[in-house]
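**Q** So the sequence shown is numbered by the numbering used here: it starts at 7 and just counts up by one. Even glycine gets a Cβ: it sits at the ideal position worked out from N, Cα and C. The structure follows.
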Amino acid sequence: QSLRRSRGSARRRHVQPPPGGTVPRAAARGPPALPAGPSPRWWTHLREICPISGFPVGLLPYPPFKLQVRSAGNPKGTIRLVDGPFLVLQILCTWRFEALGCPLTPSDITSLDAY
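Here's what the structure looks like:
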């Protein structure tokens, strides 16, 4: 009989509020809503393929690296989205500081290091 009584009382026991009062409203509602601004995973909707690794940019688990590719006809360059960690490993394995047929500038290397 004592077992029945203790089991029954355990079922009816309510969760006590934390010391100091009630549960905060934010915790009672669940996780906060994401802000209405740009998505933190902005690249996931892209259908672009990384020109270095051949992997879809939209499927990367991390943001792509924005590589500035310069040419003789376009000294300012164009931005190409690439798999940053793959590029770093390629540079370290081959010891060639180039990407997409263009040498990397010191500013490219600094940007990749910060990435």
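1) Within a Cβ cutoff of 6 Å, which residues of the same chain sit near TYR121, ignoring the five residues on either side of it in sequence?
2) Quick one, which of GLN74, GLY79, LEU65, ILE97 has its alpha-carbon nearest SER113's?
3) TYR68: which of TRP48, VAL94, PRO57 sits nearest, CA to CA?
4) Please classify ILE115: does DSSP put it in a helix, a strand, or coil?
5) Buried or exposed for ALA78, please, with buried defined as at least 16 other CB atoms from any protein chain shown within 10 angstroms of its CB.
6) Can you tell me the Cα-Cα spacing of PHE92 and CYS108, whole angstroms?
7) Compare the Cα-Cα distances from LEU66 to each of LEU87, LEU95, ASP119 and report the closest residue.
8) Opposite CYS108 in the DSSP bridges: which residues?
9) So, using beta-carbon positions, are PRO44 and LEU106 closer together than 7 Å?
10) Does the Cβ of LEU95 have 16 or more other Cβ atoms within 10 Å, making it buried, or fewer, making it exposed?
**A** In brief:
1) Around TYR121, the same chain offers PHE71, GLY90 as residues with beta carbons nearer than 6 Å, after the five sequence neighbours per side are excluded.
2) Taking the Cα of SER113 as reference, the smallest distance to any Cα among GLN74, GLY79, LEU65, ILE97 is reached at GLN74.
3) The shortest C-alpha to C-alpha distance from TYR68 to any of TRP48, VAL94, PRO57 is the one to TRP48.
4) Reduced to three states, the DSSP call for ILE115 is helix.
5) Exposure of ALA78 is indicated by the presence of fewer than 16 other C-beta atoms within 10 angstroms of its C-beta.
6) Their backbone Cα atoms lie some 17 Å apart in a straight line.
7) The shortest C-alpha separation from LEU66 is found at LEU87.
8) Beta-bridge pairing links CYS108 to ALA105.
9) In this structure, LEU106 does not lie closer than 7 Å to PRO44 by Cβ.
10) LEU95 comes out exposed.
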